[in-house]
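Residue 379 is where the sequence shown ends in the numbering used here, and the numbering goes up by one at each step.
Idealized CB from N, CA, C, for every residue including glycine.
Reading through the structure tokens given below for one structure.
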Amino acid sequence: MKITRIETCGLRGATPEGGWSNELRPDDVVHTLVAVHTDEGVTGVGSAFTTEDLVRGAVDLLLPHLVGQDPVEVERITETLHQTAFWMGRGGSLTHATSAIDIALWDIAGQALGQPVGRLLGGRHRNRVRPYASVLMDEAGPMTDNLTALVEQGFTAFKIGWWKFGRVDAATDERTVAAARAAIGDRLLAVDAGGSEGFFPGDLAWAKRTARMLADYDVAWFEEALAPDDLNGFAELRAGSPVPISGGEVLTRRQSFTPYLQRRAFDIVQPDTTKGGGLSESRRIGWEAQDLGIRLIPHGWNTAVGLAADLQLSSALVSTDLVEYKTGSAYVDDLVAEGWRLDDDGCLDIPSGPGLGVSLDPEAVGKYGTRPAFADPMA
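The structure is reproduced here in structure tokens:
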């Protein structure tokens, strides 16, 4: 089997708000699907957390290292892409695009071998996993209504994030967390400060005070409490925090994660498989984290393809018992034909079919994709 071509498809029309200071609009393209086609008619699909123009440019640059290659040799190919990117944007758009290509190659390998990707990544430690409903913070009324509705849908774990948290005053922070806790009862609650927002004002002293407040509300973890490059700050915060500290969603490549893991800067590391280097890198980050007693819970504010990849990853890592579910996004809820259904325990089944175990919904791709025929592998 040989790779013949790479195809991209941006998503627009239902892009959800991200909590950013320069807020996203529905037609902004920040997620791009990538299809890897082969001469035997097997097609794999991946997802990149990057606008389509950048992904397409990256693919054009990387294409000579892809066409004619055997797609089942996933890690040899993607490591070649990482190695050839040193001078052309390694860690940026090339790495984001490589993430989608890597996911698609694992999808092909699973289809070719008749196995779910999780088994190829090392074996299935679990057949289902609990998703946590990920929502932006808001005023108490709208946020409470949203969380209450999600409880009624069957979610048993939640994360609230960004908005005014860490950006106004301590009273606003605590009032927001108290409202969320009241809305969901004793279910799992995590809090995300959104430290990767440009010019995030929260400093180490704020993060330490806030961690103590969050402990009073039995918060499961405190995410992105500082700007993402503040390695020393994260290490000091984590050493004295009464709640677990998490981060890493904007880091790329396993080499960028190693200092944070070795310094014990995180209790929970959160690579985004759609930008950190794909499943190959997330798995290696997970292995290193596990050896150091650190959990991996993937960042998943992206697409249904990203969620499918995270589900497979969660089956292959012994401590990954949660995945992020971006609620209210058509790119997650509608993009795959089978959809997603919570079981009675609030868990998602991990697809057991070959590859990622999901297929794109042509109608949804036609509605939201920049290339409506993308879901047709023969187009």
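- Beta bridge pairing from DSSP links histidine 96 with no other residue.
- Residue range 304-316 is occupied by the alpha helix (DSSP H) that includes aspartate 310.
- When the beta-carbon positions are compared, leucine 360 and valine 332 stay at least 9 Å from each other.
- DSSP assignment within the segment 156-213 yields the following whole alpha helix (DSSP H) runs of 4 residues or more, N-terminal first: 170-184.
- By the criterion of a C-beta distance shorter than 8 Å, valine 358 is surrounded in its chain by Ala304, Val305, Ala308, Val336, Ala337, Glu338, Pro351, once the five residues flanking it on both sides are discounted.
- The Cβ atoms of glycine 202 and alanine 193 lie closer than 9 Å to each other.
- Annotation: the continuous beta strand (DSSP E) that includes glycine 46 extends over 43-48.
- Setting aside the 5 residues that flank it on each side, tryptophan 301 is surrounded in the same chain by Ser134, Glu324, Lys326, each with a C-beta closer than 7 Å to its C-beta; the list follows chain order.
- Judged by beta-carbon spacing, aspartate 107 lies within the 9 Å limit of leucine 356, meaning their Cβ atoms are closer than that value.
- Per DSSP, valine 55 lies in no beta strand (DSSP E) segment; the continuous alpha helix (DSSP H) that holds it begins and ends at 52-62.
- A straight-line Cα-Cα distance of about 24 Å links glycine 240 and glycine 286.
- Residue ranges of uninterrupted beta strand (DSSP E) with 3 or more members, entirely inside the segment 311-375 and ordered along the chain, are 322-326.
- The Cβ atoms of threonine 8 and arginine 56 sit closer than 9 Å to each other.
- If you draw a 10 Å sphere on the C-beta of alanine 170, you find fewer than 16 other C-beta atoms in it, and that means exposed.
- Per the Cβ contact rule, the segment 110-123 is not in contact with the segment 147-160 (fewer than 3 Cβ pairs under 8 Å).
- Only exposed fits tryptophan 87, as fewer than 16 other CB atoms lie within 10 angstroms of its CB.
- The C-beta separation of isoleucine 245 from phenylalanine 266 comes to about 6 Å, placing the pair in contact by the 8 Å criterion.
- Aspartate 145 carries a helical assignment under DSSP once its states are collapsed to helix, strand and coil.
- Taking the Cα positions, valine 168 is about 12 Å away from arginine 175.
- In this structure, threonine 84 and threonine 252 do not form a Cβ contact; the two beta carbons are roughly 16 Å apart against a cut-off of 8 Å.
- Closest in C-alpha terms to methionine 143, from the list Val67, Pro372, Gly328, Val365, comes Gly328.
- Across the structure, aspartate 321 and glutamine 312 are spaced so that their CA atoms are roughly 12 Å apart.
- Between the beta-carbon of isoleucine 6 and that of leucine 63 there is about 6 Å, and that keeps the pair under the 8 Å contact cut.
- The residue among Leu226, Ala207, Thr172 with its C-alpha nearest the C-alpha of glycine 195 is Leu226.
- Beta-bridge partners assigned by DSSP to arginine 284: none are found.
- Taking the Cα positions, glutamine 111 is about 21 Å away from leucine 348.
- At a Cβ-Cβ threshold of 9 Å, isoleucine 103 and threonine 258 do not count as neighbours.
- For serine 314, the closest alpha carbon among the candidates Asn232, Leu105, Phe234, Pro131 is that of Pro131.
- The beta-bridge partner set that DSSP reports for phenylalanine 257 is empty.
- Looking at the DSSP output, proline 116 bridges to Gly355.
- Contact between leucine 136 and glycine 114 fails: their C-beta atoms lie close to 40 Å from each other, not under 8 Å.
- Taking all protein chains shown into account, tryptophan 163 has 16 or more neighbouring C-beta atoms within 10 Å of its C-beta and is therefore buried.
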